[in-house]
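*Asks:*
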Amino acid sequence: ETVADLSLILPCEGISVPTQALLLPNAPRSYRHGIHRGIDFYVNWGSPVRAAAGGTVVRADHHYKELPAEFRKKLLAEAKRLGHTPSDVFEHALVGQAIYIDHGFDLVPGYRAYSIYAHLSHINPEIMPGTVVNAGDLIGLSGNSGTEPSTLGTRKGAHLHWELILQDAGGEYYLGQGFNSKDLYSQLLKIFSE
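If you read the sequence shown in this note's numbering, its first letter stands for residue 43, the second for the next number, and so on.
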């Protein structure tokens with residue numbers, strides 16, 4: 043009910059909310075021993091990515107360098123040993139080239155909200171920490187950075203991984219956390235518009 047009145051635009055034009063549960067929050071990610079916290083929008087490599095809501099950029103990885111394939115495998119082996127995805131591995135290796143946008147406390151009443159745009163191939167030069175963006179502003183281009191195919195030098199599996207994180211005094215939550223996929227899909231259709 044916290045997000046019942048939430049209204050966002052889709053981060054890529056001409057797409058819709060995916061129907062496959064594997065592409066939605068709460069899907070298992072066995073390769074990294076974790077749970078998917080976002081939505082995977084499969085689009086062509088280099089598709090324009092736009093801000094889903096207005097806010098202030100807090101992270102823009104302009105100088106991102108892909109990890110060597112063997113090092114990425116080592117990090118995933120450590121995740122297996124731990125039985126979960128370590129936050130540093132997720133934040134600094136697996137999201138690839140990314141943009142984080144702080145939406146403050148107004149987007150979802152009672153929560154600080156920020157969104158993540160991951161696996162990008164390009165970030166627009168004017169998108170820097172501190173830049174204020176409006177809903178619909180072009181911020182970058184889709185890609186596959188941070189994924190195994192990218193470490194191998196291919197463009198396979200290009201998509202935008204998008205998350206909305208909500209924070210309050212009790213902790214941090216992701217949009218859709220705890221929802222079953224059918225109810226979540228229905229809720230996401232209400233939240234997103236072209």
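All C-beta atoms in this analysis are idealised placements derived from N, C-alpha and C, irrespective of residue type, glycine included.
Closest to His75 by CA distance: which of Leu118, Glu108, Arg92 is it?
*Replies:* For the purposes of this step, residue 75 is identified with residue 33 of the sequence shown, where counting begins at 1. Out of Leu118, Glu108, Arg92, Leu118 has the C-alpha closest to the C-alpha of His75.
*Asks:* How long is the line joining the alpha carbons of Ile143 and Thr193, rounded to whole angstroms?
*Replies:* On the sequence shown, residue 143 is found 101 positions in, with the first residue counted as 1. On the sequence shown, residue 193 is found 151 positions in, with the first residue counted as 1. If I take the Cα positions, the gap works out to 26 Å.
*Asks:* For Thr132, count neighbouring C-beta atoms within 10 Å of its own C-beta (all shown protein chains included) and say buried if the count is 16 or more, exposed if not.
*Replies:* Here residue 132 refers to the residue found at position 90 of the sequence shown. The sequence given here places Phe at residue 132; Thr does not occur at that position. So Phe132 counts as buried.
*Asks:* In the DSSP assignment, the alpha helix (DSSP H) including Glu120 goes from what residue to what residue?
*Replies:* Mapped onto the sequence shown, residue 120 falls at position 78. Annotation: the continuous alpha helix (DSSP H) that includes Glu120 extends over 111–124.
*Asks:* According to DSSP, is Pro90 helix, strand or coil?
*Replies:* Start at 1 with the first residue of the sequence shown, and residue 90 comes out as number 48. Looking at Pro90 - three-state DSSP - the assignment turns out to be strand.
*Asks:* Classify Gly185: buried if its beta carbon has 16 or more other beta carbons within 10 angstroms, exposed otherwise.
*Replies:* By one-based count along the sequence shown, residue 185 stands at place 143. Classification for Gly185: buried.
*Asks:* DSSP three-state label for Ser157, please.
*Replies:* Walking along the sequence shown from the start, residue 157 turns up at place 115. The answer is strand: DSSP assigns Ser157 an E or B state.
*Asks:* Just checking, does the segment 156–167 make contact with the segment 197–211 on the three C-beta pairs under 8 Å criterion?
*Replies:* yes
*Asks:* Are the Cβ atoms of Val91 and Ile169 separated by less than 7 Å?
*Replies:* Position 49 of the sequence shown, counted from the start, is the residue given in the question as residue 91. Position 127 of the sequence shown, counted from the start, is the residue given in the question as residue 169. Contact: no.
*Asks:* Say whether the segment 225–236 touches the segment 56–71, bearing in mind that this needs 3 or more beta-carbon pairs closer than 8 Å, one atom from each stretch.
*Replies:* Segments in contact, yes.
*Asks:* Which residues in the same chain as Lys115 place their Cβ atom closer than 7 Å to its Cβ, once the five residues preceding and following it in sequence are excluded?
*Replies:* Position 73 of the sequence shown holds residue 115. There are no such residues.
*Asks:* Are the beta-carbon atoms belonging to Pro53 and Tyr216 less than 7 Å from one another?
*Replies:* What you label residue 53 is simply residue 11 of the sequence shown in a count that begins at 1. What you label residue 216 is simply residue 174 of the sequence shown in a count that begins at 1. Not in contact: Pro53 and Tyr216 (Cβ atoms no closer than 7 Å).
*Asks:* Going by C-alpha to C-alpha distance, which of Glu108, Leu183, Ala140, Leu206 sits closest to Gly96?
*Replies:* Here residue 96 refers to the residue found at position 54 of the sequence shown. For Gly96, the nearest C-alpha among the options comes from Leu206.
*Asks:* Going by DSSP in three states, His104 sits in which element: helix, strand or coil?
*Replies:* To locate residue 104, count along the sequence shown from 1; it is residue 62. Here His104 sits in coil by DSSP.
*Asks:* Does the beta carbon of Val100 come closer than 7 Å to any beta carbon on chain B?
*Replies:* Checking the listed chains, one finds no chain B in this structure; it contains a single protein chain.
*Asks:* Does the pairing of the segment 174–191 with the segment 147–158 give three or more beta-carbon distances under 8 Å?
*Replies:* no
*Asks:* Checking the sheet assignment: what are the DSSP bridge partners for Gly76?
*Replies:* As a first step, residue 76 is located in the sequence shown; it is residue number 34 there, counting from the start. Arg71.
*Asks:* Taking His104 as the reference, give the member of Phe83, Ser89, Ala111, Gln139 with the closest Cα.
*Replies:* By 1-based counting over the sequence shown, the position of residue 104 is 62. For His104, the nearest C-alpha among the options comes from Gln139.
*Asks:* Cα-Cα, which of Leu183, Thr44, Leu226, Asp148 is closest to Asn86?
*Replies:* Locating residue 86 in the sequence shown gives position 44, where the first residue counts as 1. That would be Leu183, whose Cα lies nearest to the Cα of Asn86.
*Asks:* Alpha carbon to alpha carbon, how far is Glu112 from Tyr73? Give it in angstroms, no decimals.
*Replies:* Position 31 of the sequence shown, counted from the start, is the residue given in the question as residue 73. Position 70 of the sequence shown, counted from the start, is the residue given in the question as residue 112. Whole-angstrom Cα-Cα distance: 15 Å.
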